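For reference, the structure discussed in these notes is given below.
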Amino acid sequence: MKRKIVIATAVAALMAGGTLTAFAATGSSDDRTPPAAKVSLTEATDAALAKVPGTVESADRDDDGKGDWEIDIRTSEGTEREVTVDAQNGTVRVESGDDRHDDADDRDDRDEQDDDRDDAAAAAAAKTTSAEAEAAALKLHPGTVTEVEFDDARWQIDIKGKDGKSYDVNVDATTAKATTDQDN
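Residues -24 to -1, 1 to 160 (mature numbering (1 follows the signal peptide of the UniProt record, and there is no 0)) are what the sequence shown spells out, left to right.
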């Protein structure tokens, strides 16, 4: 009798473990691959800049499963605004809210805040726009741009190549020269 209970318990544990393994393998809804974007990153940034004039500091697809474009723009007043562009129909939504709360949080880390200010100033002064940087990166590796970010006086562009590979491309903000990141 004890042996049957032990075997039944072991089988139940294995079944539960298999269920957990299957759940872990499928992942949560946040890990889903978003559908292919009908709106390109260039179209999304153009639409975002039409609503919120300024300098694009970063842009990427949201990883919530829907895959909208999230674009961070630094305005001429120096505030950062987040703009969401629907990747399927191009609808633009400017995130509302008080940036002062975010700025107050940034004061906890002065170095990071200084870096953000330096990058914002460098992005605004850059001779190469985000759109020009994308074009230069795509010449080097044809495909789809999945993320753009300005950091350390250069544009960092992530590309899903037509060959199926992922590429990290750096584009000089002054010369627009594109180079593949050596970590690829």
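Ideal Cβ placement from N, Cα and C applies to all residues, glycine included. All of these numbers come straight from a predicted model, not from anything done at the bench.
Only residues of its own chain outside the window of five on either side were considered, and among them Thr31, Arg50 have a CB closer than 7 Å to the CB of alanine 100, listed in chain order. In this model, alanine 113 and serine 72 are separated by some 32 Å (Cα to Cα). Between alanine 12 and serine 106, the alpha-carbon positions lie close to 21 Å from each other. In the three-state reduction of the DSSP assignment, threonine 18 falls in the helix class, which pools H, G and I. Spanning the alpha carbons of alanine 26 and glycine 140 requires a straight line of approximately 32 Å.
DSSP, read as helix, strand or coil, puts glutamate 33 in strand.
It is roughly 12 Å from the alpha-carbon of tyrosine 143 to the alpha-carbon of valine 124. When DSSP assignments are scanned along the segment 93 to 122, no uninterrupted stretch of beta strand (DSSP E) that is 3 or more residues long falls wholly within it. In the displayed model, alanine 24 falls within a helix according to three-state DSSP. Cα atoms of alanine 152 and asparagine 65: separation of roughly 30 Å, rounded to the nearest angstrom.
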